[in-house]
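Protein chains in written order, with the numbering used here: chain A, 1 to 454; chain B, 1 to 454.
There are 2 protein chains.
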Amino acid sequence: MKIRLFTALAILSAFASSAQDSLMFRKISDEIMLRGKCYENLRVLTKTIGHRISGSPEAARAVEWGEKAMKATGADKVWLQPCDVPYWYRGKESLLLKMGNDYKKVTALSLGNSQGTGGKTLTAPVIMVHNFDEFKALSADQVKGKIVFFDYRFRQDIIFTFQGYGDAVRYRGQAPSVAAAKGAVGVIIRSISTGADDFPHTGGMHYNDSFARIPEMALGNITSDQLEKACDKGGVMAKMTSECHMMPKPVRSYNVIGEIEGSEYPDSIITIGGHLDSWDVGEGAQDDGAGVVQSMEVIRAIKALGIKPKCTIRAVLFMNEENGQKGGQAYADSAVARKEHHVIAIETDAGGYSPRGIGLVMAPEQKAAILNYRNLFLPYGVYDFSREEGGTDIEPIHDKLKTPMGGLVPDSQRYFDLHHSNNDVFENVDHRELKLGAAVLTQFIWLVSQKGII
Amino acid sequence: MKIRLFTALAILSAFASSAQDSLMFRKISDEIMLRGKCYENLRVLTKTIGHRISGSPEAARAVEWGEKAMKATGADKVWLQPCDVPYWYRGKESLLLKMGNDYKKVTALSLGNSQGTGGKTLTAPVIMVHNFDEFKALSADQVKGKIVFFDYRFRQDIIFTFQGYGDAVRYRGQAPSVAAAKGAVGVIIRSISTGADDFPHTGGMHYNDSFARIPEMALGNITSDQLEKACDKGGVMAKMTSECHMMPKPVRSYNVIGEIEGSEYPDSIITIGGHLDSWDVGEGAQDDGAGVVQSMEVIRAIKALGIKPKCTIRAVLFMNEENGQKGGQAYADSAVARKEHHVIAIETDAGGYSPRGIGLVMAPEQKAAILNYRNLFLPYGVYDFSREEGGTDIEPIHDKLKTPMGGLVPDSQRYFDLHHSNNDVFENVDHRELKLGAAVLTQFIWLVSQKGII
Numbered sequence: 001m002k003i004r005l006f007t008a009l010a011i012l013s014a015f016a017s018s019a020q021d022s023l024m025f026r027k028i029s030d031e032i033m034l035r036g037k038c039y040e041n042l043r044v045l046t047k048t049i050g051h052r053i054s055g056s057p058e059a060a061r062a063v064e065w066g067e068k069a070m071k072a073t074g075a076d077k078v079w080l081q082p083c084d085v086p087y088w089y090r091g092k093e094s095l096l097l098k099m100g101n102d103y104k105k106v107t108a109l110s111l112g113n114s115q116g117t118g119g120k121t122l123t124a125p126v127i128m129v130h131n132f133d134e135f136k137a138l139s140a141d142q143v144k145g146k147i148v149f150f151d152y153r154f155r156q157d158i159i160f161t162f163q164g165y166g167d168a169v170r171y172r173g174q175a176p177s178v179a180a181a182k183g184a185v186g187v188i189i190r191s192i193s194t195g196a197d198d199f200p201h202t203g204g205m206h207y208n209d210s211f212a213r214i215p216e217m218a219l220g221n222i223t224s225d226q227l228e229k230a231c232d233k234g235g236v237m238a239k240m241t242s243e244c245h246m247m248p249k250p251v252r253s254y255n256v257i258g259e260i261e262g263s264e265y266p267d268s269i270i271t272i273g274g275h276l277d278s279w280d281v282g283e284g285a286q287d288d289g290a291g292v293v294q295s296m297e298v299i300r301a302i303k304a305l306g307i308k309p310k311c312t313i314r315a316v317l318f319m320n321e322e323n324g325q326k327g328g329q330a331y332a333d334s335a336v337a338r339k340e341h342h343v344i345a346i347e348t349d350a351g352g353y354s355p356r357g358i359g360l361v362m363a364p365e366q367k368a369a370i371l372n373y374r375n376l377f378l379p380y381g382v383y384d385f386s387r388e389e390g391g392t393d394i395e396p397i398h399d400k401l402k403t404p405m406g407g408l409v410p411d412s413q414r415y416f417d418l419h420h421s422n423n424d425v426f427e428n429v430d431h432r433e434l435k436l437g438a439a440v441l442t443q444f445i446w447l448v449s450q451k452g453i454i
Numbered sequence: 001m002k003i004r005l006f007t008a009l010a011i012l013s014a015f016a017s018s019a020q021d022s023l024m025f026r027k028i029s030d031e032i033m034l035r036g037k038c039y040e041n042l043r044v045l046t047k048t049i050g051h052r053i054s055g056s057p058e059a060a061r062a063v064e065w066g067e068k069a070m071k072a073t074g075a076d077k078v079w080l081q082p083c084d085v086p087y088w089y090r091g092k093e094s095l096l097l098k099m100g101n102d103y104k105k106v107t108a109l110s111l112g113n114s115q116g117t118g119g120k121t122l123t124a125p126v127i128m129v130h131n132f133d134e135f136k137a138l139s140a141d142q143v144k145g146k147i148v149f150f151d152y153r154f155r156q157d158i159i160f161t162f163q164g165y166g167d168a169v170r171y172r173g174q175a176p177s178v179a180a181a182k183g184a185v186g187v188i189i190r191s192i193s194t195g196a197d198d199f200p201h202t203g204g205m206h207y208n209d210s211f212a213r214i215p216e217m218a219l220g221n222i223t224s225d226q227l228e229k230a231c232d233k234g235g236v237m238a239k240m241t242s243e244c245h246m247m248p249k250p251v252r253s254y255n256v257i258g259e260i261e262g263s264e265y266p267d268s269i270i271t272i273g274g275h276l277d278s279w280d281v282g283e284g285a286q287d288d289g290a291g292v293v294q295s296m297e298v299i300r301a302i303k304a305l306g307i308k309p310k311c312t313i314r315a316v317l318f319m320n321e322e323n324g325q326k327g328g329q330a331y332a333d334s335a336v337a338r339k340e341h342h343v344i345a346i347e348t349d350a351g352g353y354s355p356r357g358i359g360l361v362m363a364p365e366q367k368a369a370i371l372n373y374r375n376l377f378l379p380y381g382v383y384d385f386s387r388e389e390g391g392t393d394i395e396p397i398h399d400k401l402k403t404p405m406g407g408l409v410p411d412s413q414r415y416f417d418l419h420h421s422n423n424d425v426f427e428n429v430d431h432r433e434l435k436l437g438a439a440v441l442t443q444f445i446w447l448v449s450q451k452g453i454i
């Protein structure tokens, strides 16, 4: 029997949360805070595999590990769902800047998906703009043959950093094609980073096919400050060398899926997921190792507590969130082909930080039904259900099946300090924050499974 | 003219927050998030002075630095307020445990205020109890001549960690006298720590004068786990050596105070403070370097924005919070002697983490008046005004003058991972979280100053 979240929750919205609900929330929290396995799982993922870009041997190892770790949760059923992913390869790279008398090597990272210099050294003068408007004001003569430094700062005044990210990330994504349109030969950006440090941050960029594919590199904030000062004086030169390129053929990879079959409505599916791939730097600990181990923890905790959820719960470790979303597409395509009914899909891809809210992308009536239970979450620090946050991997199923979508909203202050950088390592994940996020996800999914399925 | 917070806020409680209030909150936040000096101040305090236990040369240097840094905020007036503080000196220490065939050195810390072994080595068998109840069940014969290992675990199931701390900290404070009453010769405790690591945590203990002053040392959680297993098997021995002792005479020290004179009610004082002393390990970065630099940031931001607060605002860097509260007492004594009127006192001593609330210790009517403005704080992540949290340093003035009291309530998940340990260093403070806490304090103080003083 397939039921609709909306109908189910609307029926239930008459009921206030009960003492029994509160007790179950406590049991779930205790199970995870005291006996949770997600932190140890994260240690293994980050320290034995490390970063794992789509298509790489590390990603293949992550799939193997994920399948094994998913089985260890006690899931009723575990399987791999195939998808073909792009494989962007970094290779060697270096950037030398002449900001005074001599060239000096600086720490830089090529942006993901970008085409490098083919291993040759590109030497060119550097000109600086602070934003696209300043760039627009330049003539093609001023730009031609130059490397353009887009010195746009992440807006530290925006408190919810994902909003600041949305504002700044267009420079990473669009700058090369914007610059190439006026004859630039390369782009340097100030990293999309809130960090008070010098880590460069990589991340996805994309070319507009109308223009030349010029290389793009990111600098950390401290080096960017130095380059900014040097550009104010003028005469800056750069030597950019990089081998990065997109591999010619896609690589077969997989989503890892674990399932608990619903006791009453096995054909009604709740999805909780994070993504298994990462960029090819650091350890992909917060992005999104945290989401991977939290998603598995939901399954483990439900099984450990002997809960029999009324509907089916699936944890999905999506492949290729970072540069293709092929895993999310494969999951949605399969759901369509198999005519599955998806009650709700939740993603955790905003870091394993202390949870503050759950984003809800659904009809107002559905939100209202969930909000009847909001007080249950308050003892766990969760008070904010106002954000329209889902997740990249669940967007395809949301688009194709109109599946209601949600996302864990953790505290956002630290995420963009380390996101996509060599600083995104296990040591920068706190065990209590990670577990608390997993507990809140499990509580939410239990709630929807029991209350939304009558 | 002296006015009362209660009266003032009661009058104002009729007014809802306005768009102008919201704009001022934004200005304050922007000033601190974009141009804040607290993070750089913390870097200097932690990296050029480091830890600074009361009475030590480092504490004296911290006072000098604090006076200079306070003047740099632009405060109208800066002064030192004398107080005489105890000086507990650690000296050399070591702990060897025989948990199998051989003695092995483990990482341990003597607890603050404790009396060591006078530099001699105390060798004794170790017996383990998990809590005071288990200890009660032991006979004096079983305890006599032994070192007692109090293996009480910080309750990780309690979400608000300050509550877990309150539960566990009695073992640190009371175990030596409890054990000495039955003839024990020493105490080892599992650190009062949520850490998933092996850092031992120090902190204040106190002797009951009826019993022998036996030494007390703390182990990190990993070594505690090992000792627990070894004690289950039996035959554990320890060699404890420590020089720690309380110095015979108090040392003259100071609170550092900076003030902005109120434009309308100069005799009505709002206090914001943190404590300048720390334990003698790590760098005292979260405890309470964060509170020190945030308190100064309040003054700096108000001056930088050209705000003329109606009442007087004082930032106080209290001395000796950790083991004597002599600074807090001196501040209260001075207020009484000078017949000062204190509108409210706020402390920030729960770490420079992302703010979640402001604790309020005052009459229900006063709280209700403040709660009229709660929505102003929501964009800054502050939603919880329910906790009865003030601060150790402001308790004396609260007790003596009935001054309403408040405390910043940041996210608590990480605080007891590093509190009082060598892991409490600058690198474990996030610049955005620290600044956001300072912004919220400044917003709150501005609000009380303007709205509460009509």
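Every residue gets a Cβ at the ideal spot worked out from N, C-alpha and C, and that includes glycine.
Quick check: is the beta carbon of B/G381 nearer than 9 angstroms to any beta carbon in chain A? If you number the second sequence from 1, residue 381 of chain B lands on position 381. Using a Cβ-Cβ cut-off of 9 angstroms, B/G381 counts as an interface residue toward chain A, since at least one Cβ of chain A sits closer than that to its own.
Across the region 423-437 of chain B and the region 41-52 of chain B, are there enough close Cβ pairs to call them in contact, namely three or more that are closer than 8 angstroms? yes
Any heavy atom of the ligand SAM closer than 8 angstroms to the beta-carbon of B/N428? Only the bare structure without any ligand can be found here, which leaves the ligand SAM out of the picture.
A/L436 to B/A439, Cα distance in whole Å? Here residue 436 of chain A refers to the residue found at position 436 when the first sequence is read from its first residue. Here residue 439 of chain B refers to the residue found at position 439 when the second sequence is read from its first residue. Near 26 angstroms, if we compare the C-alpha coordinates of B/A439 and A/L436.
Rounded to the nearest angstrom, what separates B/A19 and B/I302 at their Cα positions? Within the second sequence, residue 19 of chain B is the residue found at index 19, counting from 1. Within the second sequence, residue 302 of chain B is the residue found at index 302, counting from 1. B/A19 and B/I302 have their C-alpha atoms roughly 19 angstroms apart.
From A/F318, A/C231, A/H275, A/R387, residue whose alpha carbon lies closest to that of A/K98: Counted from its first residue, the first sequence places residue 98 of chain A at position 98. Nearest C-alpha to A/K98: A/C231.
Express the C-alpha separation of B/E365 and B/Y152 in angstroms, rounding to a whole number. Position 152 of the second sequence holds residue 152 of chain B. Position 365 of the second sequence holds residue 365 of chain B. For B/Y152 and B/E365, the distance between alpha carbons rounds to 40 angstroms.
Decide if A/V293 is buried, meaning its Cβ has at least 16 other Cβ atoms within 10 Å, or exposed. Against the first sequence, residue 293 of chain A aligns to sequence position 293. Flag for A/V293 reads buried.
Does the distance from the C-beta atom of A/M237 to that of A/N113 stay below 9 angstroms? Here residue 237 of chain A refers to the residue found at position 237 of the first sequence. Here residue 113 of chain A refers to the residue found at position 113 of the first sequence. Taking 9 angstroms as the Cβ cut-off, A/M237 and A/N113 do not qualify as a contacting pair.
Helix, strand or coil for B/A137? Go by DSSP, reduced to three states. To locate residue 137 of chain B, count along the second sequence from 1; it is residue 137. Note: B/A137 maps to coil in three-state DSSP.
Can you tell me whether A/R90 is buried or exposed, with buried defined as 16 or more other CB within 10 angstroms of its CB? Here residue 90 of chain A refers to the residue found at position 90 when the first sequence is read from its first residue. Classification of A/R90: buried, given that the 10 Å Cβ count is 16 or more.
Proximal residues of chain B, C-beta to C-beta of A/I159 below 8 angstroms: One-based indexing of the first sequence puts residue 159 of chain A at position 159. Here the neighbours are S29, M33, P379, Y380, G381, L436.
Alpha carbon to alpha carbon, what distance is there between A/W446 and B/P355? Position 355 of the second sequence, counted from the first residue, corresponds to residue 355 of chain B. Position 446 of the first sequence, counted from the first residue, corresponds to residue 446 of chain A. Each residue's alpha carbon lies about 29 angstroms from the other.
List, in chain order, every chain B residue whose beta-carbon is nearer than 9 angstroms to that of A/R414. By 1-based counting over the first sequence, the position of residue 414 of chain A is 414. In chain order: S354, D430, R432, E433.
Which of the three DSSP states is assigned to A/L371 in this structure? Position 371 of the first sequence, counted from the start, is the residue given in the question as residue 371 of chain A. DSSP places A/L371 in helix when its eight states are reduced to three.
contact_flag[the region 341-352 of chain B, the region 378-395 of chain B] where n(CB pairs < 8 angstroms) is 3 or more: yes
At least one CB of chain A closer than 9 angstroms to the CB of B/Y39: is that the case? Residue numbering aside, residue 39 of chain B sits at position 39 when the second sequence is read from its first letter. Yes, because at least one Cβ of chain A sits closer than 9 angstroms to the Cβ of B/Y39.
Report the neighbours of A/A196 on chain B: residues whose CB is nearer than 8 angstroms to its CB, in chain order. The count along the first sequence starts at 1 and reaches residue 196 of chain A at position 196. Per Cβ cutoff of 8 angstroms: Y39, H431.
Step through the CB atoms of chain A and report whether any lies within less than 9 angstroms of the CB of B/D21. Reading the second sequence from its first residue, position 21 is the one you call residue 21 of chain B. Answer no: the Cβ-Cβ gap between B/D21 and chain A never drops below 9 angstroms.
For A/E297, the first and last residue of its enclosing alpha helix (DSSP H): Walking along the first sequence from the start, residue 297 of chain A turns up at place 297. Under the DSSP assignment, A/E297 falls in the alpha helix (DSSP H) whose first and last residues are 290-304.
Alpha helix (DSSP H) runs wholly inside the region 184-242 of chain A, at least 4 long, in chain order: The region 184-242 of chain A is shown to contain whole alpha helix (DSSP H) runs of 4 or more residues at 221-233, in chain order.
Check whether the region 29-40 of chain A and the region 258-274 of chain A touch, using three or more Cβ-Cβ pairs below 8 angstroms as the test. no
By DSSP, does A/T121 sit in helix, in strand, or in coil? For the purposes of this step, residue 121 of chain A is taken as residue 121 along the first sequence, with counting starting at 1. Reduced to three states, the DSSP call for A/T121 is strand.
Can you tell me where the beta strand (DSSP E) with A/K27 in it begins and where it stops? Numbered from its first residue, the first sequence carries residue 27 of chain A at position 27. No beta strand (DSSP E) holds A/K27; the alpha helix (DSSP H) holding it covers 19-35.
Opening and closing residue of the alpha helix (DSSP H) in which B/D267 lies: For the purposes of this step, residue 267 of chain B is identified with residue 267 of the second sequence, where counting begins at 1. Per DSSP, B/D267 lies in no alpha helix (DSSP H) segment; the continuous beta strand (DSSP E) that holds it begins and ends at 265-275.
Against chain B: residues of the region 390-417 of chain A by CB proximity under 8 angstroms: D411, Q413, R414, D417
Residues of chain B with CB under 8 angstroms from A/Q226, in chain order? Translated into the one-based positions of the first sequence, residue 226 of chain A becomes position 226. Listed along chain B is no residue with a C-beta nearer than 8 angstroms to that of A/Q226; the closest approach is about 18 angstroms.
By DSSP, does B/W79 sit in helix, in strand, or in coil? Locating residue 79 of chain B in the second sequence gives position 79, counting from the first residue. Correct three-state label for B/W79: strand.
A/V63 vs A/S253 beta-carbon contact at 9 angstroms: As a first step, residue 63 of chain A must be located in the first sequence, where it is residue number 63. As a first step, residue 253 of chain A must be located in the first sequence, where it is residue number 253. Closer than 9 angstroms, so yes.
What does DSSP give as the partner residues of A/T312 in its beta bridges? As a first step, residue 312 of chain A must be located in the first sequence, where it is residue number 312. Partner(s): A/I269.
Would you check if there are 3 or more beta carbon pairs closer than 8 angstroms linking the region 201-220 of chain A to the region 173-181 of chain A? yes
Looking only at its chain, what residues have a beta carbon closer than 8 angstroms to the beta carbon of B/Y380, apart from the 5 residues adjacent to it on each side? On the second sequence, residue 380 of chain B is found 380 positions in, with the first residue counted as 1. Only F25, S29, P355, L436, A439, V440, Q443 meet the Cβ criterion.
Taking a cut of 8 angstroms between CB atoms, which residues from the region 152-182 of chain B lie near chain A? Q156, D157, I159, T161
For B/D384 and chain A, any beta-carbon pair shorter than 9 angstroms? On the second sequence, residue 384 of chain B is found 384 positions in, with the first residue counted as 1. The beta carbon of B/D384 sits closer than 9 angstroms to some beta carbon of chain A.
Just list the residues that DSSP pairs B/E457 with in beta bridges. The question about residue 457 of chain B has no answer, for chain B in this structure spans 1 to 454.
May I have the straight-line CA-CA distance separating B/A196 from A/V256, to the nearest angstrom? Indexing the second sequence from 1 puts residue 196 of chain B at position 196. Indexing the first sequence from 1 puts residue 256 of chain A at position 256. Roughly 28 angstroms separates the two Cα atoms.
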